[in-house]
Amino acid sequence: MRVTVLALAALLLHGSAALAQEPPADPTQDPNQVRAGSYVLDPDHGKITWSVNHLGYSTYYGQFTGVSATLQLDPKAPAKSRLTATVPLSGVLTGSSRLDQHLSGADFFDTAANPTANFTATGVEPTSPTTARITGDLTLRGVTKPVSLDATFTQAGTNPIDRRYTVGFEGRTVIKRSDFGVNAYLPMVGDEVTLRIAGEFKAAP
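Laid out in structure tokens, this is it:
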């Protein structure tokens, strides 16, 4: 009898949990259909690609990986949304291990003293139904400066792989590295650095 009671209780609990779960959502590009709530960046699908002029000969590209971010999203009132992100500077990837080490050194990011860059949004201003200007404070090498990011909503829905509700964004901004004390090889290597962000945010458990 005790086993039967426990089995019945487990069944009832499982059924209640299933009822509490959000139903699967088809992919949508309509921001009005996006679910409000708390989200975390999927680290496997959240990267920052940077590019800079190299000696006038080419545009050099690299990436930051291992980015972590949290998003408090309110699609009905975007100005109330909140975003914070942390970028481990030791996660820089260029395709050259020697250059990766150089960028981590005192000439550039000085990761021994400043292991991360951090961004905290201070405002979100819609610029179209699917785009917004995100303003915030970027801290790099111990220097904090205001930065504006142009963000584009791409899609939301239940991810077919992990079955978690996901919201996708892309973004772009340009910063001057000299503003943050990264002055090595100026002006031969460009001062302006373009950052392109791609991120998939998962609904927080």
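Going left to right, the sequence shown walks through residues -20 to -1, 1 to 185 as mature numbering (1 follows the signal peptide of the UniProt record, and there is no 0) numbers them.
Even for Gly, the Cβ is constructed at its ideal location relative to N, Cα and C.
If you measure between the beta carbons of T102 and G116, is that distance less than 9 Å? Judged by their CB atoms, T102 and G116 are nearer to each other than the 9 Å cut-off.
Quick check: the Cα distance between P55 and Q9, rounded to an integer number of angstroms? 13 Å
Work out the CA separation of T50 and I114 for me, nearest whole Å. For I114 and T50, the distance between alpha carbons rounds to 14 Å.
What three-state label does DSSP hand N33 in the structure shown? strand
Is the Cβ-Cβ distance between T138 and G148 less than 9 Å? In this structure, G148 does not lie closer than 9 Å to T138 by Cβ.
With DSSP as the reference, please indicate the residues paired to R152 in a beta bridge. D130 and R176
If you pair each beta-carbon of the segment 75 to 88 with each one of the segment 55 to 65, do three or more pairs fall below 8 Å? no
Going by beta-carbon coordinates alone, are V162 and F89 separated by less than 9 Å? yes
With 16 other Cβ atoms within 10 Å as the buried cut-off, status of E180: buried
In three-state terms, what does DSSP make of F99? strand
Hey, quick one: how far does the beta strand (DSSP E) through R78 stretch, first residue to last? Judged by DSSP secondary structure, R78 falls outside any beta strand (DSSP E) and instead within the alpha helix (DSSP H) spanning S77 to S84.
Quick check on DSSP: helix, strand or coil for S61? coil
I155 to V72, Cα distance in whole Å? 17 Å
Going by C-alpha to C-alpha distance, which of A164, P140 and P167 sits closest to A5? P140
In whole angstroms, what separates the C-alpha of S18 from that of Y37? 44 Å
Could you work out which residue in W30, A16 and P7 is closest to L175 when comparing CA atoms only? Ranked by Cα distance from L175, the first of W30, A16 and P7 is W30.
DSSP three-state assignment for F160, whether helix, strand or coil: helix
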